[in-house]
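Q:
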Amino acid sequence: MPVARVNDIDVHYKLEGDGAETIVLINGLADDLETWVFQIEDLLAAGYRVLRFDNRGIGASSKPAGPYSSRMLADDAKALVDSLGLTDFHLMGVSMGGMIAQEYALAYGSDLRSATFACTYAAPGPFCSRMFDMWAGMAPVLGIPYVMRDVTLWAFTVPFFEQRGEELAEFETAMRYMDQPVHAYLAQLAVIQQHDTTSRLSQIAVHTLVLAGEQDILIPVSLSRRMHEQIPGSQWATTRGGHACLWEYPAEFNQTFLEFTKQHGRG
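End of the sequence shown = 267 in the numbering used here, gap-free, step of one.
Here's what the structure looks like:
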């Protein structure tokens with residue numbers, strides 16, 4: 001189990017493939033590196049080397065007291081890629097990972113060949129803030145697995161519930177056995193509650209794709225679209241599905257992302 005000691009914590013990671021170009025993936029709230037399982041095969045088959053890792057507070061990485069911030073987790077990612085000697089890579093973050101990726105692009109843009117912010121926002125606004133406040137109140141009382149069952153309702157579309165029951169059961173089983181401690185969940189939750197890059201989006205100078213699930217109600221598509229409109233020269237794309245479009249329709253999600261990275265490859 002590869003682990004890097006960076007920023008006084010242990011970060012668990014997997015680096016796969018031997019392609020000339022690298023993709024770095026950043027997970028969402030309460031997601032460990034295995035949540036990229038539907039992406040890895042396509043990314044490797046496209047000829048990329050792929051780095052994925054457990055953010056601070058989840059999986060086999062350290063879970064120190066919080067709260068955490070999107071900049072703190074971006075600094076963890078920076079320390080990890082530096083320890084592995086990676087640069088000139090494509091960065092993609094989903095949901096909370098997209099917030100971390102924004103901070104990375106702002107602070108360390110010279111590292112990046114491209115950046116993709118998927119299913120995410122520049123600031124939560126009143127709708128998302130109320131939802132997250134409820135999760136924060138529920139978690140210490142009902143437990144993280146119960147909260148994640150609620151997240152499932154927001155993340156997947158109605159047709160997924162109606163037509164793909166076996167897959168849904170697999171996701172719900174995985175959530176039922178989550179072992180993230182409450183303090184670490186709340187520390188990560190603070191990231192999405194406090195994140196705000198609104199006034200700095202115009203400073204992002206890397207090739208950027210803002211990607212959204214067409215039916216996302218957890219992070220409304222309008223928030224992603226608003227972010228795209230404030231990032232100079234950014235591209236906009238949607239794919240079928242909701243907030244969990246990378247799991248519900250992974251082939252389309254992966255294709256959209258790979259078309260973008262190929263536009264901005266080395267040649």
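All C-beta atoms in this analysis are idealised placements derived from N, C-alpha and C, irrespective of residue type, glycine included.
Note that the coordinates shown come from a computational prediction; the quantities given were computed from them, not determined experimentally.
Residue 62 lies in the alpha helix (DSSP H); which residues open and close that run?
A: Here residue 62 belongs to no alpha helix (DSSP H), and DSSP marks it neither H nor E.
Q: Inspect the beta-carbon positions of residue 24 and residue 92 and report whether they are closer than 9 Å.
A: yes
Q: Do you know how far the Cα of residue 97 is from the Cα of residue 69?
A: Cα to Cα, residue 69 sits roughly 11 Å from residue 97.
Q: Which two residues bound the contiguous beta strand (DSSP E) that contains residue 92?
A: Residues 89 to 94.
Q: Give the straight-line distance between the Cα atoms of residue 67 and residue 94, rounded to the nearest whole angstrom.
A: 20 Å
Q: Do you know offhand how far residue 106's Cα is from residue 200's?
A: Answer to the nearest angstrom: the Cα atoms are 8 Å apart.
Q: Return the chain-ordered ranges of every beta strand (DSSP E) run that is complete within the segment 100 to 135 and spans a minimum of 3 residues.
A: 112 to 118
Q: Which stretch, first to last residue, makes up the beta strand (DSSP E) that contains residue 49?
A: 48 to 53
Q: Taking residue 38 as the reference, give the member of 139, 161, 246 with the closest Cα.
A: Closest option to residue 38, Cα to Cα, is 246.
Q: Using a 10 Å radius around the Cβ and a threshold of 16 neighbouring Cβ atoms, would you call residue 157 buried or exposed?
A: buried
Q: Using beta-carbon positions only, say whether residue 108 and residue 74 come within less than 9 Å of one another.
A: yes
Q: Near residue 160, which residues of its chain fall below 7 Å by C-beta distance, leaving aside the five closest residues on each side in sequence?
A: Taken in chain order, the residues that qualify are 168, 248.
Q: Taking the continuous alpha helix (DSSP H) assigned at residue 187, which residues delimit it?
A: 182 to 194
Q: Taking DSSP as the reference, what is the three-state secondary structure of residue 147?
A: helix
Q: Thinking residue 208 and residue 180 are a contact (beta carbons under 8 Å), I'd like their distance in whole angstroms, please.
A: Rounded, the Cβ-Cβ distance is 30 Å, inconsistent with contact.
Q: Classify residue 114 as buried or exposed, calling it buried when 16 or more other Cβ atoms lie within 10 Å of its own Cβ.
A: That one is buried.
Q: Keeping to the same chain, check which residues put their C-beta closer than 6 Å to that of residue 238; ignore five residues upstream and five downstream.
A: 212, 214
Q: Under 9 Å between the Cβ atoms of residue 33 and residue 86?
A: no
Q: Taking Cβ to Cβ, would you say residue 241 is nearer than 9 Å to residue 252?
A: yes
Q: Enumerate in chain order the residues of its own chain whose CB-to-CB distance from residue 17 is below 7 Å, with the five nearest sequence positions on each side excluded.
A: 44, 48, 49, 50
Q: Could you tell me the boundaries of the beta strand (DSSP E) in which residue 211 lies?
A: Residue 211 -> beta strand (DSSP E) spans 208 to 213.
Q: Pick helix, strand or coil for residue 197, following the three-state DSSP scheme.
A: coil
Q: Which residue's Cα is closest to the Cα of residue 1: 100, 124, 54?
A: Nearest option by C-alpha distance: 54.
Q: Just grab the DSSP bridge partners of residue 34 for me.
A: Paired residues: none, contrary to the question.
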